[in-house]
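Chains as they are written, first to last, in this note's numbering: chain A, 1 to 476; chain B, 1 to 199.
Have a look at the structure below, then the notes.
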Ligand code: SF4
């Protein structure tokens with residue numbers, strides 16, 4: 001039943017899969033070897049499971065831990081976390097890591113940040129690897145040409161104890177983005193346009209390989225943004241073939257191979273790309289030239305429209321179920337059909353998260369903010385994705401640009417993306433956010449989230465409403 | 001892991017599609033200890049109004065469904081975040097099975113690994129069932145895992161599929177970790193081969 005042995009052309013996914021295959025069960029599930037396991041401050045239950053069963057992490061040298069979900073972003077003092085349960089999440093990660101000899105980038109470590117930011121940033125995530133993390137946005141790391149899975153807590157315990165993961169082989173979907181992007185259109189707009197096209201369940205059961213000239217033309221950070229939201233299209237993982245952009249990004253990073261190992265690694269990595277003629281289970285082609293800056297209007301990432309569009313009208317929808325869920329979304333979002341997207345006022349702005357918390361994101365936002373002021377009454381935050389990003393931004397003076405405009409400049413963490421650390425958007429408030437999910441209650445109970453790129457969020461901050469970043473750039 | 005063999009119970013309908021794990025258990029309860037009491041947070045923001053009072057319109061607050069052990073949901077149930085707490089909250093509340101036309105991938109996996117049975121039936125069948133449950137609240141559904149069948153209140157019987165290994169584990173209440181640990185020799189010999197050519 002397996003086709004890996006065949007000598008025919010293979011996809012990148014098949015190549016990585018077959019290299020990590022240990023055994024297969026009668027039902028076709030495969031035991032995959034895990035190269036890197038990333039853990040965060042939500043991992044305590046997995047360590048509890050291990051203790052209950054008298055087990056210890058099997059390969060601590062390949063596990064890296066970092067607190068991000070529960071950390072405050074106004075201080076680096078763990079003791080300042082008022083809620084004892086949240087504080088326990090951070091403290092127990094420290095204890096569990098220390099107890100098992102796991103490398104930890106603790107709250108005061110210069111390498112701390114959101115787990116999906118620091119993996120690539122430190123060179124821990126590399127092409128050809130199988131990477132797991134108990135978090136659904138693990139697909140991010142696939143941008144380096146890795147196979148990266150978000151897993152549940154039981155699987156985290158399994159991967160800790162055995163360094164392996166059971167997986168059913170996925171189908172592979174190739175999404176080719178043709179043409180070139182218009183000015184001011186970013187990786188975030190590309191992935192929002194893809195999800196709007198194929199839907200939140202469009203890639204269920206698949207791993208996505210993103211390809212084509214637009215993807216090849218993205219920076220590494222842009223590719224990380226695209227792969228980050230693969231789960232929002234229902235995919236198990238997302239990946240981009242490693243190329244010179246990937247290698248240039250990785251070279252010299254702390255955990256990247258060095259010297260002769262680097263040369264050998266390069267040779268191996270170059271062989272990872274899908275062979276010409278490899279067959280994909282599904283192919284989707286998107287015309288990159290038609291993508292405009294995107295914003296969401298509803299409570300699912302697929303509810304994305306170009307900024308010059310309008311809030312859609314459920315009554316025009318044929319499908320009854322869809323009509324109902326659109327009406328519910330609009331009620332939650334407090335929006336009226338037909339409203340122009342660029343007339344929707346905002347109360348909050350959040351620039352950050354594992355989707356858009358990297359240095360290029362902050363540069364792009366700062367270029368819009370520079371010389372302007374946050375609109376009166378709008379509360380705008382920048383939460384860098386990592387301490388490294390924060391320090392780089394400060395070295396470039398971006399923090400001053402943001403502060404002078406009236407933004408809050410904060411410490412690294414997940415923060416308003418999910419609000420588990422207690423930082424939330426208030427009920428009824430509307431937030432322009434660079435994160436990845438606009439679900440009901442995602443940024444806090446009753447919070448209304450509009451997803452967009454960092455430039456668009458910055459433009460909203462200085463305009464007081466959603467707006468086409470190109471208009472702000474043109475000084476209109 | 002909990003065993004699952006067969007179950008006959010009141011079916012609880014949740015009609016809206018794309019119920020994500022944020023709605024199953026809001027993120028602000030993710031740090032709550034896993035001590036069997038997560039059921040109190042299940043569907044929290046749908047179940048309770050902002051003032052903390054139960055919303056009488058929400059299905060779990062309606063009398064016929066109090067003892068329901070089977071949830072019937074619309075498409076793409078459990079999409080979104082990978083939080084396993086969503087499965088634990090459903091189980092702590094008392095649910096042992098969820099019937100839907102489709103599930104979020106990770107949620108479905110997590111369910112199988114914890115002994116919450118995810119049953120996929122054709123969209124038309126689930127749609128009909130949701131409709132029937134609206135007309136006649138409190139009707140029961142019977143699930144038999146060994147034969148992979150569901151009997152609906154109208155007497156029709158439908159087959160579903162569950163992967164054979166997961167079914168074996170569910171029927172016997174054993175989990176994957178125990179199985180993998182029995183294969184540790186295979187992992188070690190893989191490592192010997194792998195170490196030479198890879199990282
Ligand atoms: S930034 Fe948001 S999506 Fe990313 S890991 Fe943190 S909570 Fe999850």
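For each residue, glycine too, the CB sits at the ideal point set by N, CA and C.
Cross-chain neighbours of residue i in chain B, by beta carbon under 9 angstroms
i: residue 86 of chain A; result: 31
i: residue 546 of chain A; result: With chain A covering only 1 through 476, there is no way to say anything about residue 546 of chain A.
i: residue 234 of chain A; result: 76, 79, 104 and 105
i: residue 427 of chain A; result: 50
i: residue 321 of chain A; result: 15, 16, 17, 74, 75 and 127
i: residue 63 of chain A; result: Within chain B, no residue comes near residue 63 of chain A; the closest Cβ sits about 14 angstroms away, beyond 9 angstroms.
Secondary structure of residue i, DSSP reduced to three states
i: residue 4 of chain A; result: With a pLDDT of 46 at residue 4 of chain A, under the threshold of 50, the predicted position of this residue should be treated as unreliable, and no value is reported.
i: residue 173 of chain A; result: strand
i: residue 79 of chain A; result: helix
i: residue 149 of chain A; result: strand
i: residue 70 of chain B; result: strand
i: residue 246 of chain A; result: helix
i: residue 272 of chain A; result: coil
i: residue 19 of chain A; result: helix
i: residue 162 of chain B; result: coil
i: residue 402 of chain A; result: helix
i: residue 20 of chain B; result: strand
i: residue 97 of chain B; result: strand
i: residue 480 of chain A; result: There is simply no residue 480 of chain A to check, as chain A begins at 1 and stops at 476 in what is shown.
Within chain A, the residues that residue i reaches when beta carbons sit closer than 9 angstroms
i: residue 177 of chain B; result: 49, 53, 55, 154, 157, 158, 161 and 162
i: residue 14 of chain B; result: Neighbours of residue 14 of chain B on chain A: none; closest Cβ ~13 angstroms, over 9 angstroms.
i: residue 65 of chain B; result: Those within 9 angstroms of residue 65 of chain B in chain A number zero; the least Cβ separation is about 21 angstroms.
i: residue 23 of chain B; result: 439, 440 and 441
Delimiting residues of the beta strand (DSSP E) encompassing residue i
i: residue 48 of chain B; result: Looking at the DSSP string, residue 48 of chain B is not in any beta strand (DSSP E), and its letter there is neither H nor E.
i: residue 238 of chain A; result: 237–240
i: residue 332 of chain A; result: Run containing residue 332 of chain A: none in the beta strand (DSSP E); it sits in the alpha helix (DSSP H), 320–333.
i: residue 183 of chain B; result: Looking at the DSSP string, residue 183 of chain B is not in any beta strand (DSSP E), and its letter there is neither H nor E.
i: residue 133 of chain A; result: 130–133
i: residue 40 of chain A; result: 36–40
i: residue 9 of chain B; result: 6–14
i: residue 93 of chain B; result: Segment 85–93 is the alpha helix (DSSP H) holding residue 93 of chain B; no beta strand (DSSP E) there.
i: residue 120 of chain B; result: 117–120
i: residue 144 of chain B; result: 140–144
Partner residues on chain A for residue i, Cβ-Cβ distance less than 8 angstroms
i: residue 102 of chain B; result: 201 and 204
i: residue 164 of chain B; result: 26 and 27
i: residue 114 of chain B; result: 154
Residues that residue i contacts on chain B, provided the C-beta gap is smaller than 7 angstroms
i: residue 418 of chain A; result: 27
i: residue 347 of chain A; result: Going along chain B, no residue has its Cβ under 7 angstroms from residue 347 of chain A, so there is no contact; the nearest lies around 18 angstroms.
i: residue 135 of chain A; result: 82
i: residue 194 of chain A; result: Per Cβ cutoff of 7 angstroms: no residues; residue 194 of chain A is ~17 angstroms from chain B at best.
Opening and closing residue of the alpha helix (DSSP H) in which residue i lies
i: residue 33 of chain A; result: Careful: residue 33 of chain A lies outside any alpha helix (DSSP H), inside the beta strand (DSSP E) at 30–33.
i: residue 128 of chain B; result: 123–135
i: residue 46 of chain A; result: 44–52
i: residue 360 of chain A; result: 359–369
Cross-chain neighbours of residue i in chain A, by beta carbon under 7 angstroms
i: residue 8 of chain B; result: Simply none; closest approach about 27 angstroms.
i: residue 194 of chain B; result: 33
i: residue 186 of chain B; result: 22 and 23
i: residue 20 of chain B; result: 439
i: residue 61 of chain B; result: Within chain A, no residue comes near residue 61 of chain B; the closest Cβ sits about 18 angstroms away, beyond 7 angstroms.
Contact check, residue i vs residue j, beta carbons under 8 angstroms
i: residue 42 of chain B; j: residue 90 of chain B; result: yes
i: residue 280 of chain A; j: residue 172 of chain A; result: yes
i: residue 122 of chain A; j: residue 30 of chain A; result: no
i: residue 420 of chain A; j: residue 27 of chain B; result: yes
i: residue 140 of chain A; j: residue 354 of chain A; result: yes
i: residue 85 of chain A; j: residue 31 of chain B; result: yes
i: residue 192 of chain A; j: residue 304 of chain A; result: yes
i: residue 375 of chain A; j: residue 463 of chain A; result: yes
i: residue 444 of chain A; j: residue 114 of chain A; result: no
Bridge partner(s) assigned by DSSP for residue i
i: residue 294 of chain A; result: A/306
i: residue 350 of chain A; result: A/381 and A/433
i: residue 451 of chain A; result: A/433
i: residue 178 of chain A; result: A/287
i: residue 113 of chain A; result: A/386
i: residue 227 of chain A; result: None, per the DSSP bridge assignment.
i: residue 282 of chain A; result: A/173
i: residue 207 of chain A; result: A/172 and A/237
Neighbouring residues, chain B, relative to residue i (Cβ below 8 angstroms)
i: residue 312 of chain A; result: Those within 8 angstroms of residue 312 of chain A in chain B number zero; the least Cβ separation is about 16 angstroms.
i: residue 92 of chain A; result: Here the premise fails: no neighbours, minimum Cβ distance about 10 angstroms.
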